[in-house]
DNA sequence: CGCGGGTTTGATGATGCTCAAGCCCGGTGG
DNA sequence: CCACCGGGCTTGAGCATCATCAAACCCGCG
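Chains as they are written, first to last, in our numbering: chain U, 1 to 190; chain Z, 1001 to 1190.
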C-alpha cells in the first residue's frame, strides 16, 4: 500500500499544479529501512511526518525503563510530538519505523512559510487535525468504557490485518497491557 | 474570569475590524444557567462551542448506566464531539454546563462558510486544533505512565483551583476512578 | 546448530472496584 | 425555626482484574 501526499491532500481540497510543485519543494521525502530512527528521545521534534508507505511507532521510556507505545502511524497518517513541535522543547518520545517506510517530512518553520505562501493549504491541515482530534476522542472513550480484555477484543476484531503486521509485544504496549496478559487473552479467544 | 472570543483569536492571528464584525454575525453567544444542556445525547452535534465564561462537561452513559465524563471545558477552550460534528451522526455524548456559563456557538456549515469568506481565520483554527492534539497526546501519555493514585495526585496538584470548582464525583469520573476510591486517596494525602 | 528475542505458562499479589452502610450537610416544607 | 430529606462523601470488607516474576518454550537467523 502506498499513499502519495499530494493525492491525499486532494481528497480534501483541490490543488493547482503550482501548489503541487511548491509542495514538493517545501517537503522532503525520505526512504527508511526497518527500525530506523525518525526522532530520537530528548531531541526537539522539528518535523511533522506523513507516512506514504510503511509503519511507524511513537513511544517513550516509562519509569521502569520499558518502551511504552502511544501511537502507530500507517499509510496516510501524519505523526509528530506536538508539544515538542509547537514549543520547540525536547521530545519525551522517540519515533521509529517498524517496517521499511517512505515518509514525507516538513519542518515546522517551513510549514508556516508554506502556509503563508499557499494559504489554500490551511484548510487541508485543519481538516486533518479535526480528524485527529475526533480519533483521539474516540480512543479516550474506548479506554474509559472498556476493560483491558474488551479493549483487546475490540482492537483485534477492528484491525485483524494490523495485528499480523506488528509484533505482539508492541500491540500489548499500545493497548496498555503486559505481553503476558495479552498472551493469556489470545489463548482465551483463540 | 471571562474570555472574549475575538480577543482569544487575536492572541493567535490579527483580525481586521471587518473580520471581527463578520465573526459576530456567524456566531451566536448564549447565556446558560447551571446544569443547562448544551448537547443532548443521541442528537447530532452541529455546533462547535467556545467557552467565554463558566465551565462545561462532556460525558456519555456507560454500559452500567453511569455518567462518564471525558472532557471539561473552561474559559478559552473549544469543545464539541468531533465525530458527530464532522460526520453528522448522532452523538454518543451529552454536553452540559456545570456552572452558569456564557458560550459562543458556531454551526458546522456556518463555520465552513465563514472560513470560505474569511480564509484568514483558517490559521487560527489550525493552531487551536494543534494545541488540542498536543493536549490529548499529553493526557494519553499520563494515563499510560501513571497509576490512578499518581494520576490523581498529579491532577490535584496541577489544578488545585479546579478541584474546588467542581464536585468530587465529577473529578472521579474524569480521572476514571470510583468516588469511593477518590475519597480514599484524598484521605491518604490530606 | 546454537543463540536470542519473542511468546507462553503458572503462581503470587497489588491495585482499584463493588456493595452495603453510615454520615454529613444544605435545602425544603411544615 | 426545626425536622426531615436526599445527594454526595466516607468507611470498610471482600473480591476481580491485571501486573509481576521466574521459568520454559519456540523459532528464525546468523
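Every residue, glycine too, gets a C-beta built ideally from N, C-alpha and C. In this text the structure is predicted, and so the values were computed from the model without any measurement.
Using a Cβ-Cβ cutoff of less than 6 Å, which residues in the same chain neighbour residue i once the five nearest sequence positions on both sides are dropped?
i	result
residue 1177/Z	1148
residue 217/U	For residue 217/U there is no data in the structure shown, the boundaries of chain U being 1 and 190.
residue 1108/Z	1046 and 1085
residue 1003/Z	1052, 1075 and 1076
residue 1071/Z	1058
Is residue i near the ligand ZN, with its Cβ less than 7 Å from a heavy atom?
i	result
residue 83/U	Annotation note on the ligand ZN: not contained in the displayed structure, which lists no ligands.
Does any residue of chain Z bring its CB to less than 8 Å from the CB of residue i?
i	result
residue 42/U	no
residue 189/U	no
residue 144/U	yes
residue 68/U	yes
residue 94/U	no
residue 60/U	yes
residue 136/U	yes
residue 132/U	yes
residue 76/U	no
residue 65/U	no
residue 122/U	yes
residue 179/U	no
Check for me: the beta strand (DSSP E) holding residue i runs from which residue to which?
i	result
residue 32/U	28-32
Within the same chain, show all residues whose beta-carbon is closer than 7 Å to that of residue i, passing over the 5 residues directly before and after it, in chain order.
i	result
residue 1145/Z	none
residue 40/U	94
residue 1153/Z	1189
Strictly by DSSP, which residues pair up with residue i?
i	result
residue 51/U	103/U
residue 67/U	61/U
residue 1096/Z	1037/Z and 1057/Z
residue 1044/Z	1090/Z
residue 79/U	49/U
Could you give the first and the last residue of the continuous alpha helix (DSSP H) run that contains residue i?
i	result
residue 1157/Z	1148-1158
residue 75/U	No alpha helix (DSSP H) contains residue 75/U, which DSSP labels as neither H nor E.
residue 1088/Z	Looking at the DSSP string, residue 1088/Z is not in any alpha helix (DSSP H), and its letter there is neither H nor E.
residue 1125/Z	1120-1145
residue 168/U	168-175
residue 113/U	108-117
residue 1183/Z	1179-1189
So residue i and residue j are in contact, right, with Cβ under 8 Å, and what is the actual spacing, rounded?
i	j	result
residue 1133/Z	residue 132/U	5 Å
residue 123/U	residue 20/U	So it is not a contact: roughly 16 Å between Cβ atoms.
residue 1/U	residue 99/U	The pair is not a contact, with the Cβ atoms about 11 Å apart (cut-off 8 Å).
residue 106/U	residue 48/U	5 Å
residue 1130/Z	residue 129/U	6 Å
Is there a C-beta anywhere in chain U that falls below 8 Å from the one on residue i?
i	result
residue 1004/Z	no
residue 1141/Z	yes
Please work out which residues of its chain come closer than 8 Å, Cβ to Cβ, to residue i, disregarding the five sequence neighbours upstream and downstream, and give them in chain order.
i	result
residue 1117/Z	1022
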